[in-house]
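A.B. asks:
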Amino acid sequence: MTSREQIFDDFAKAVFTKVLRRRKWRSRLLIGIHEGAAGGPATLAATVLIDALTNRLRLGKTPLVPHAVVDERAHVAQQIATGLTAPRGWGTLRFPQYNVFRALESDAFAGMDPQDCAFRKLHPFLCRFIQLPGAPDPVLWWIRLVGFVIVFAGWFEQLRFGGAWRHRMRRNWFAKFAGGSHGDFFEQAATIMRGSDEQKKEGVLLRALLCDLDAAFTPCLSPWRRRRQSGFMLFIKNGDELADLVRQAIEDTKARHITVIFARSGQAAGAPNLAEGTLRLILHGDTELQVTTRDIAAGATAEKLAGAYKIPVRLRSSALVVVVAVLQIVIPAVGGYFGAARLFQFWPWSRDETCLGETAGHAATATTPVGLLSSQEATRLYNADKQAIDDENTRVRGLASKNPDMRYTIKRIVYLGSGVAGAFDAGVAYNGVIPELHGIRLAQRKMNELAEGNPRTKDQLSGNVFVIVDIREAGKDYAQAPQIAQQVVRQSTETVLGVIGLGESRQQTLEALKTLGDGGLPILGMGATSEDMQAHPLYHQISFDNPYQARMFAAFARQANIIRAGESGRCVPADKALVIGDPTDNYSLRLGEDLVTEFPMDKAHVIWFPPPGSATSVHPAGTFVTSDSELLEKACAQLAQSADDRTVVFWSGRGERLRDFLVAAKDSAACPASFTVVSGGDISTTAVLKERFPTDFAGVTLFYSAHALPSSPPNSAGDDYAHRYLDLYKTTNDPWYDNWRGPIAYDGLVTMVSGINTVCRENGPAGCGRGSVASHFRYRIGGESGLRGATGIIRFVKDPWATAVPAPLQKRFLMLRATPSGPSIVMECGQRDTNDLRTTWGPKDAFDCPST
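Under my numbering, residues 305 to 1156 are what the sequence shown spells out, in order.
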């Protein structure tokens, strides 16, 4: 390489280094190349040097860096736009501002509104579908069809187009160039471009094009833009006439990503030669430079100077950048799609359509279900428990009389139940009074065992109290509950510290609750779930309440595969609900209303069925029927309304009426062959007894809620209950082993006595009277971490200034499926143990539990 070739090579590399360091270099570069000084030896023409530089920017006919060469005075912007090519994989360079002004200048748009003219130029495809005046019709019919999908987007873009462009052009070079920003941009632009001042039109087009080029090389998320690792290079061979024009345009637009090299024919006094100019570029980073070619003699050709060296730019595959662009869109879209699907529980792709409860879940195996017992046998079993509790009461009293000096502390608890009389009818399952009394008997025995091991005496005030259970029977449907409550209040002494029971939400139990509470007796409900039961401050309950239960029902029906779809055997979630309830029954009424709250009226249909001949003053929204036949007609019509409907039946009524309904539905041709029923825990005993629903009614899928399933204990207290139960009732034909009323009654008495023990220990010699116990139950029942019960953790709000919440917090909730082999757990939420809170449920814990 000769010395002159080396000088050019160093100069070219210094320029290319500036061009390729686009991300660090934030200003334009202007270089004027002059011929040698006057009177000196002949030097290389500046245009030859420009040709040598452009040779290094191409690999054959493929450009390595975007560049353009201008060699005429007229139509500078057009020469740049048409002569500019982008390297492979850099994408198409777009010139929106330049195209807008060219459209306003074009005769093809003469007479058209300037804004519509600009919009048509930039969005010709959209114009085909929103049918702007003069827009051509689509060539093929399917183009119009596809266009309907984007027509709204086209209209929206048209609405925002004018405002966006006016705002943008008021803030850039055009306002100054046009002489002010007060007029309408499109009108001002049309005036200039359709006027006769060619010099002004050329200035507008050049500035618009420079703005577009500068934006095209500004980094952004586009993979094509990220590949543009250089600025734009502009070579002007007629620099004498165009240098000032281009320099002024660059200053007006503040373009940064551009390098302009002018060829000047005159001499520049004091200008450095190429070698000195190279040093200035490297050491000082000049952004505007004048150099001469006096150190390169004439005679050198552009090809010889350029040599084989090319600007060090790596060309990449155009297909690869398309792949990157697709992945850049697809990966976030797929991630967002899966995230939204997880959040909102929609799965339009192939999903698990296994019917819930058929292949998974716990199934009870501890006992063998039996058929209905006779009323005589049920009465015998009930009386056996009742006699055992009376015997335990007698034993405790005898223990105290034999040891009068010990002064044992003995307290009396009233259990207000319905009793066995009238608890069953021929062919109908029992209402749960027998397992409830089982639980009371087991709990009394446990608490008195604790007292015998560590009794509270006159000398040991930190011990446990003995408990006597006073059984009061209110009759079928708690009909005598108000009168029994009055008797308890009148007859009670300070030794009666509380009442447990009231296992059903009925008008009679509501009246009894008010009477007991006003008499100063703490009440602990067992099994009643209506929110109306929570009106008195001395009332708490072991069970969850109806609003909580309704949220669980709705989440279960919407998310779980419980509705059979056709003959394929697959199952899908429900999208509609048929709520059936009894407005004369407080439990049924409130649960039905809560279910409608969770399933809005446009997705839920309600049928109210008061017992024939009954009167009600309550008239909730929904359809009322007056007979069982009318109920069957309305319900079957709703279930068979459409083959595509996925309707679940929410039965908020009592268990015996559900059985009657299913008997009639089985024989009715108007009802679908299969449907799904979700019910409250009132039908638990009916379902356990020989699992009559699934075996007698083929096609009916039955789910029901439960407070516990003893064969699946949640913690050590549940294990203790199960062991005590099996030790006491050693039989394989016990139909009540897996009934939730047993453990919830057990927890009720244990919780009541545990609270009394706590009060007695804290008060010391002052004793533990009814007032102290009532205050404790109002504000501190269960302590900070709650009590570990056979039905889960029993924990209440502790803040005395907070709104009272009589129902336990995060109480364990079970949804069971009735199967021939026993109840199967298909949903479990809530707190099982101190450090065991179930917040998800379903196959692979796919669903979140509703908030408490």
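From the three backbone atoms N, C-alpha and C, an ideal C-beta is built for every residue, glycine too.
Would you grab the beta carbon distance between residue 1081 and residue 844 for me? Rounded to a whole angstrom, and I think it's under 8 Å.
C.D. replies: The residue given as residue 1081 occupies position 777 in the sequence shown. The residue given as residue 844 occupies position 540 in the sequence shown. The Cβ separation is near 6 Å, so the contact holds.
A.B. asks: Near residue 520, which residues of its chain fall below 6 Å by C-beta distance, leaving aside the five closest residues on each side in sequence?
C.D. replies: The residue labelled residue 520 in the question sits at position 216 within the sequence shown. Excluding residues within five positions, the ones whose Cβ falls inside 6 Å are 397.
A.B. asks: Going by other Cβ atoms of all chains shown within 10 Å of its Cβ, with 16 needed for buried, is residue 762 buried or exposed?
C.D. replies: Position 458 of the sequence shown, counted from the first residue, corresponds to residue 762. Exposed, since its Cβ has fewer than 16 Cβ neighbours within 10 Å.
A.B. asks: Grab the span of the alpha helix (DSSP H) containing residue 1085 for me, first residue to last.
C.D. replies: Against the sequence shown, residue 1085 aligns to sequence position 781. Per DSSP, residue 1085 belongs to no alpha helix (DSSP H) and is neither H nor E.
A.B. asks: What does a CB cutoff of less than 6 Å around residue 1052 pick up in its chain, not counting 5 residues either side in sequence?
C.D. replies: One-based indexing of the sequence shown puts residue 1052 at position 748. Result list for residue 1052: 804, 828, 830, 846, in chain order.
A.B. asks: Quick check: residue 358 and residue 338, are their CB atoms within less than 8 Å of each other?
C.D. replies: Reading the sequence shown from its first residue, position 54 is the one you call residue 358. Reading the sequence shown from its first residue, position 34 is the one you call residue 338. The answer is no: Cβ separation not under 8 Å.
A.B. asks: Could you tell me which residues DSSP pairs with residue 1010 in its beta bridges?
C.D. replies: As a first step, residue 1010 must be located in the sequence shown, where it is residue number 706. For residue 1010, which the question treats as bridged, DSSP gives the partners 1118.
A.B. asks: So, do the region 1025-1044 and the region 1132-1139 have three or more beta carbon pairs nearer to each other than 8 Å?
C.D. replies: Contact fails: fewer than three Cβ-Cβ distances are below 8 Å.
A.B. asks: Determine the contact status of residue 538 and residue 374, defining contact as a CB-CB distance below 8 Å.
C.D. replies: By one-based count along the sequence shown, residue 538 stands at place 234. By one-based count along the sequence shown, residue 374 stands at place 70. Closer than 8 Å, so yes.
A.B. asks: Applying the criterion that 16 or more other CB atoms from any shown protein chain within 10 Å of the CB defines a buried residue, is residue 561 buried or exposed?
C.D. replies: Residue numbering aside, residue 561 sits at position 257 when the sequence shown is read from its first letter. The residue is buried, with at least 16 neighbouring Cβ atoms inside 10 Å.
A.B. asks: Three or more C-beta pairs under 8 Å: does that hold for the region 741-750 against the region 806-813?
C.D. replies: The region 741-750 is not in contact with the region 806-813.
A.B. asks: Measuring CB to CB, does residue 1134 end up less than 8 Å from residue 1115?
C.D. replies: Stepping through the sequence shown from its first residue, residue 1134 is reached at position 830. Stepping through the sequence shown from its first residue, residue 1115 is reached at position 811. Yes. Within cutoff.
A.B. asks: Under three-state DSSP, which class holds residue 770?
C.D. replies: Start at 1 with the first residue of the sequence shown, and residue 770 comes out as number 466. It is a strand residue.
A.B. asks: Between the Cα of residue 1018 and the Cα atoms of 1048, 1088, 507, which residue gives the shortest distance?
C.D. replies: Stepping through the sequence shown from its first residue, residue 1018 is reached at position 714. Answer by Cα proximity: 1048.
A.B. asks: Return the Cβ separation of residue 405 and residue 512 in integer angstroms, given the expectation that the two are a contact with Cβ distance under 8 Å.
C.D. replies: Stepping through the sequence shown from its first residue, residue 405 is reached at position 101. Stepping through the sequence shown from its first residue, residue 512 is reached at position 208. Correct: roughly 5 Å between the Cβ atoms.
A.B. asks: With DSSP as the reference, identify every bridge partner of residue 777, one or two as the case may be.
C.D. replies: Walking along the sequence shown from the start, residue 777 turns up at place 473. Note: residue 777 sits in a beta bridge opposite 721.
A.B. asks: Assign residue 397 to one of three DSSP states: helix, strand, or coil.
C.D. replies: Here residue 397 refers to the residue found at position 93 of the sequence shown. If DSSP states are grouped into helix, strand and coil, residue 397 belongs with coil.
A.B. asks: Roughly how many angstroms lie between the CA atoms of residue 1154 and residue 1145, to the nearest whole one?
C.D. replies: Within the sequence shown, the letter at position 850 stands for residue 1154. Within the sequence shown, the letter at position 841 stands for residue 1145. The alpha-carbon atoms of residue 1154 and residue 1145 are separated by roughly 10 Å.
A.B. asks: Give the range of the alpha helix (DSSP H) segment to which residue 315 is assigned.
C.D. replies: Stepping through the sequence shown from its first residue, residue 315 is reached at position 11. Here the alpha helix (DSSP H) through residue 315 covers 307-324.
A.B. asks: I'd like to check one pair, residue 540 with residue 575: are the Cβ atoms closer than 8 Å?
C.D. replies: Taking the sequence shown and counting its residues from 1, one reaches residue 575 at position 271. Taking the sequence shown and counting its residues from 1, one reaches residue 540 at position 236. Contact flag unset, no.
A.B. asks: Measuring straight from C-alpha to C-alpha, what distance separates residue 522 and residue 314?
C.D. replies: Residue numbering aside, residue 522 sits at position 218 when the sequence shown is read from its first letter. Residue numbering aside, residue 314 sits at position 10 when the sequence shown is read from its first letter. Approximately 28 Å between the Cα atoms of the pair.
A.B. asks: For residue 945 and residue 814, what's the separation of their Cα atoms in angstroms?
C.D. replies: Locating residue 945 in the sequence shown gives position 641, where the first residue counts as 1. Locating residue 814 in the sequence shown gives position 510, where the first residue counts as 1. Using only the alpha carbons, I get a separation of about 39 Å.
A.B. asks: Would you kindly report the start and end of the unbroken beta strand (DSSP E) that includes residue 846?
C.D. replies: By 1-based counting over the sequence shown, the position of residue 846 is 542. Taken as a continuous stretch (DSSP letters only), residue 846 belongs to no beta strand (DSSP E), as it is neither H nor E.
A.B. asks: Should residue 760 and residue 835 be called a contact, given that it needs their Cβ atoms to be closer than 8 Å?
C.D. replies: Taking the sequence shown and counting its residues from 1, the one referred to as residue 760 is at position 456. Taking the sequence shown and counting its residues from 1, the one referred to as residue 835 is at position 531. Result no, Cβ atoms of residue 760 and residue 835 do not sit closer than 8 Å.
A.B. asks: With a 10 Å radius around its C-beta and 16 neighbouring C-beta atoms as the bar for buried, classify residue 951 as buried or exposed.
C.D. replies: For the purposes of this step, residue 951 is identified with residue 647 of the sequence shown, where counting begins at 1. So residue 951 counts as buried.
A.B. asks: With the cut-off set at 8 Å, would you say residue 1091 and residue 1101 are in Cβ contact?
C.D. replies: Position 787 of the sequence shown, counted from the start, is the residue given in the question as residue 1091. Position 797 of the sequence shown, counted from the start, is the residue given in the question as residue 1101. In this structure, residue 1101 does not lie closer than 8 Å to residue 1091 by Cβ.
A.B. asks: Could you pull the start and end residues of the beta strand (DSSP E) that residue 334 belongs to?
C.D. replies: Counting from 1 along the sequence shown, the entry for residue 334 is found at position 30. Residue 334 -> beta strand (DSSP E) spans 333-338.
A.B. asks: If we require 4 or more residues per run, which alpha helix (DSSP H) segments fall completely within the region 559-619?
C.D. replies: Listed in chain order, they are 578-583, 606-610.
A.B. asks: Based on the DSSP secondary-structure assignment, which residues constitute the bridge partners of residue 911?
C.D. replies: Numbered from its first residue, the sequence shown carries residue 911 at position 607. In DSSP, residue 911 forms a bridge with 884, 927.
A.B. asks: Roughly how many whole angstroms lie between the Cα atoms of residue 1074 and residue 711?
C.D. replies: Locating residue 1074 in the sequence shown gives position 770, counting from the first residue. Locating residue 711 in the sequence shown gives position 407, counting from the first residue. Between residue 1074 and residue 711, the C-alpha separation is close to 19 Å.
A.B. asks: At which residue ranges does the region 786-812 contain complete beta strand (DSSP E) runs of 3 or more residues, listed in the order of the chain?
C.D. replies: Listed in chain order, the complete beta strand (DSSP E) runs (minimum 3 residues) inside the region 786-812 are 800-805.
A.B. asks: Whole angstroms is fine: what's the gap from residue 263's alpha carbon to residue 1099's?
C.D. replies: With the chain covering only 305 through 1156, there is no way to say anything about residue 263.
A.B. asks: Look up residue 967 in the DSSP assignment and say whether it is helix, strand or coil.
C.D. replies: On the sequence shown, residue 967 is found 663 positions in, with the first residue counted as 1. Three-state DSSP puts residue 967 in a helix.
A.B. asks: Report the three-state DSSP secondary structure of residue 1020 (helix, strand or coil).
C.D. replies: Taking the sequence shown and counting its residues from 1, the one referred to as residue 1020 is at position 716. Note: residue 1020 maps to helix in three-state DSSP.
A.B. asks: From 974, 794, 1039, 391, pick the residue whose C-alpha is nearest to that of residue 819; which is it?
C.D. replies: Position 515 of the sequence shown holds residue 819. If we check each option's Cα against that of residue 819, 794 comes out closest.
A.B. asks: Does the beta-carbon distance from residue 718 to residue 737 come in below 8 Å?
C.D. replies: Position 414 of the sequence shown, counted from the first residue, corresponds to residue 718. Position 433 of the sequence shown, counted from the first residue, corresponds to residue 737. Their beta carbons are not under 8 Å apart, which means residue 718 does not touch residue 737 by this criterion.
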